[in-house]
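Student: The numbering of the sequence shown is this note's numbering, which starts it at 75 and goes up by one. All C-beta atoms in this analysis are idealised placements derived from N, C-alpha and C, irrespective of residue type, glycine included.
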Amino acid sequence: MVEAPRPARVLDGKEIAAKVRREVAADVARFVEKHGRAPSLHVVLAGEDPASAVYVRNKERAAKEVGMAGEVHRLPADVAHDELLARVRGLAADDGIDGILVQLPLPKGIREQEILDAVPFEKDVDGFHPMNVGMLASGRPALVPCTPLGCLRLLDEAAALLKADGVPFSIEGANAVVVGRSNIVGKPVAQLLLQRSCTVTIAHSKTRDLPGLCRTADVLVVAIGRAEMVKGDWVKPGAVVIDVGINRVDAGDGKTKLVGDVEYAPAAARAAAITPGPGGVGPWTIALLLQNTLRAAERRLGAR
Ligand code: GUN
Numbered sequence: 075m076v077e078a079p080r081p082a083r084v085l086d087g088k089e090i091a092a093k094v095r096r097e098v099a100a101d102v103a104r105f106v107e108k109h110g111r112a113p114s115l116h117v118v119l120a121g122e123d124p125a126s127a128v129y130v131r132n133k134e135r136a137a138k139e140v141g142m143a144g145e146v147h148r149l150p151a152d153v154a155h156d157e158l159l160a161r162v163r164g165l166a167a168d169d170g171i172d173g174i175l176v177q178l179p180l181p182k183g184i185r186e187q188e189i190l191d192a193v194p195f196e197k198d199v200d201g202f203h204p205m206n207v208g209m210l211a212s213g214r215p216a217l218v219p220c221t222p223l224g225c226l227r228l229l230d231e232a233a234a235l236l237k238a239d240g241v242p243f244s245i246e247g248a249n250a251v252v253v254g255r256s257n258i259v260g261k262p263v264a265q266l267l268l269q270r271s272c273t274v275t276i277a278h279s280k281t282r283d284l285p286g287l288c289r290t291a292d293v294l295v296v297a298i299g300r301a302e303m304v305k306g307d308w309v310k311p312g313a314v315v316i317d318v319g320i321n322r323v324d325a326g327d328g329k330t331k332l333v334g335d336v337e338y339a340p341a342a343a344r345a346a347a348i349t350p351g352p353g354g355v356g357p358w359t360i361a362l363l364l365q366n367t368l369r370a371a372e373r374r375l376g377a378r
């Protein structure tokens, strides 16, 4: 008799993210007791991008819930480059501020890199500063971008679940393919996978035979920002699939829906474990942002 294929383990980050948030809340209380003030996170939101507005509201609420201080600095879409730069420089110079996050994308006409460069590395809770990028690349991670960290936590979760199921899977030595080469996700996630002794390939829009390459992946991380671009039959049977994409698409009848960068149902039919499309990595990202803010605060005060 042929055994029915085992359904894929679904990697839902919500529960584990809630646990991390509780841990951060306890650490924040200890921080307040020791230093007489809460760690503070300041978020800069320029413009009216609807997705960014939702992300920032969630970050604001989560920071409050764990007892952090801070503020969201909302600026209009037509804010002048120099005004935005001055605002970020002001936050950088304020000794009472531990973490700064400039929500991307910035409005047209703003020179994004110049704005990001104004965030000092010790307050860079996004992990975008060249110092933090270099520390990660040299194997001494300091402040690491939150979404890539979330991907690795989910991969650890997958390894634990598959081990409990008796399915052979090891992160060490796995062939990992990262689809997408952004500074926010693709490049740092590749660094983290390399640190965990995966054999890593970064694929992008110019990669030849992307389907064939994906079919070699024991670990497939997709952060390309294109709705359902990775097809189910690109997934190697038994692979672990981490889909970072959140794309709004037409669902007919004037409605829209959110989908990932991977065609979920056919991919789930082949994978050993998979994120549940939109919603897998997201909750993690915010929990890890809080953790990064606490770390930044501890490093700043500890360094005195
Ligand atoms: N926009 C989408 N993802 C991110 C992120 O991780 N950090 C910032 N600052 N903006 C984003």
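What residues in its chain sit with their C-beta under 7 Å from that of His-109, if we drop five residues either side in the sequence?
Tutor: Closer than 7 Å at Cβ, skipping near neighbours: Leu-375.
Student: Rank Ala-346, Lys-331 and Thr-281 by C-alpha distance to the C-alpha of Val-309 and give the top, closest one.
Tutor: If we check each option's Cα against that of Val-309, Ala-346 comes out closest.
Student: Let me confirm a value: Glu-107 is counted as buried when at least 16 other C-beta atoms fall within 10 Å, else exposed. Which label applies?
Tutor: By the neighbour-count rule (16 or more Cβ atoms within 10 Å), Glu-107 is not buried but exposed.
Student: Assign Ala-137 to one of two classes, buried (16 or more other C-beta atoms within 10 Å of its C-beta) or exposed (fewer than that).
Tutor: By the neighbour-count rule (16 or more Cβ atoms within 10 Å), Ala-137 is buried.
Student: So, helix, strand or coil for Ala-216, using DSSP?
Tutor: Residue state, collapsed to three classes: coil.
Student: Looking at C-beta atoms only, is the number of pairs between the segment 249-264 and the segment 322-329 that lie closer than 8 Å three or more?
Tutor: No, they do not touch.
Student: Drop a sphere of 10 angstroms on the beta-carbon of Pro-81, count the other beta-carbons inside from all chains shown, and report buried for 16 or more, exposed for fewer.
Tutor: Exposed, because fewer than 16 other Cβ atoms sit within 10 Å of the Cβ of Pro-81.
Student: From Asp-317 to Leu-119, what distance separates their C-alpha atoms?
Tutor: Near 26 Å, if we compare the C-alpha coordinates of Leu-119 and Asp-317.
Student: Find the nearest neighbour of Asp-86 within the set Ala-232, Arg-96 and Leu-115, judged by alpha-carbon distance.
Tutor: Taking only the C-alpha atoms, the option nearest Asp-86 is Ala-232.
Student: Under DSSP, the alpha helix (DSSP H) around Val-102 begins and ends at which residues?
Tutor: From DSSP, the alpha helix (DSSP H) with Val-102 extends over 88-109.
Student: Report the residue from Gly-254, Leu-190, Phe-105 and Asp-172 whose alpha carbon sits nearest the alpha carbon of Pro-179.
Tutor: Nearest of Gly-254, Leu-190, Phe-105 and Asp-172 to Pro-179, Cα basis: Leu-190.
Student: If we cut at 8 Å on Cβ distances, does Ala-137 have a partner in chain C?
Tutor: Going by chain labels, chain C is absent from the structure shown, which holds only one protein chain.
Student: Work out the CA separation of Ala-250 and Asp-307 for me, nearest whole Å.
Tutor: If I take the Cα positions, the gap works out to 17 Å.
Student: How many Å lie between Gln-265 and Asp-230 at the Cα?
Tutor: Looking at the two C-alpha atoms, the distance is approximately 16 Å.
Student: How big is the Cα-Cα spacing for Gly-121 and Leu-159?
Tutor: Going from the Cα of Gly-121 to the Cα of Leu-159 covers about 15 Å.
Student: Please classify Lys-305: does DSSP put it in a helix, a strand, or coil?
Tutor: Correct three-state label for Lys-305: coil.
Student: Less than 8 Å between the C-beta atoms of Leu-368 and Asp-101, yes or no?
Tutor: Yes, the pair counts as a contact, with Cβ atoms nearer than the cut-off.
Student: Rounded to whole angstroms, what's the CA-CA distance from Leu-236 to Pro-150? Just pull it up for me.
Tutor: One C-alpha to the other measures close to 48 Å.
Student: In its own chain, which residues sit with a C-beta less than 6 Å from the C-beta of Leu-115, not counting the 5 before and 5 after it?
Tutor: The residues are Ala-137, Met-142, Gly-144, Gly-173 and Thr-367.
Student: Helix, strand or coil for Arg-289, going by three-state DSSP, please let me know.
Tutor: Note: Arg-289 maps to coil in three-state DSSP.
Student: Mind the definition here: the segment 240-248 touches the segment 286-296 only if three or more C-beta pairs lie below 8 Å; say whether that holds.
Tutor: In short, these stretches touch, since the Cβ pair count reaches three.
Student: Do you know how far the Cα of Gly-356 is from the Cα of Ala-125?
Tutor: In a straight line, the C-alpha of Ala-125 is about 12 Å away from that of Gly-356.
Student: For the segment 102-181, list the beta strand (DSSP E) runs that are entirely contained and at least 3 residues long, ordered along the chain.
Tutor: Listed in chain order, the complete beta strand (DSSP E) runs (minimum 3 residues) inside the segment 102-181 are 114-120, 143-149 and 173-176.
Student: Would the beta-carbon of Leu-228 be found less than 7 Å away from any heavy atom of ligand 1?
Tutor: Incorrect: Leu-228 has no Cβ contact closer than 7 Å to ligand 1.
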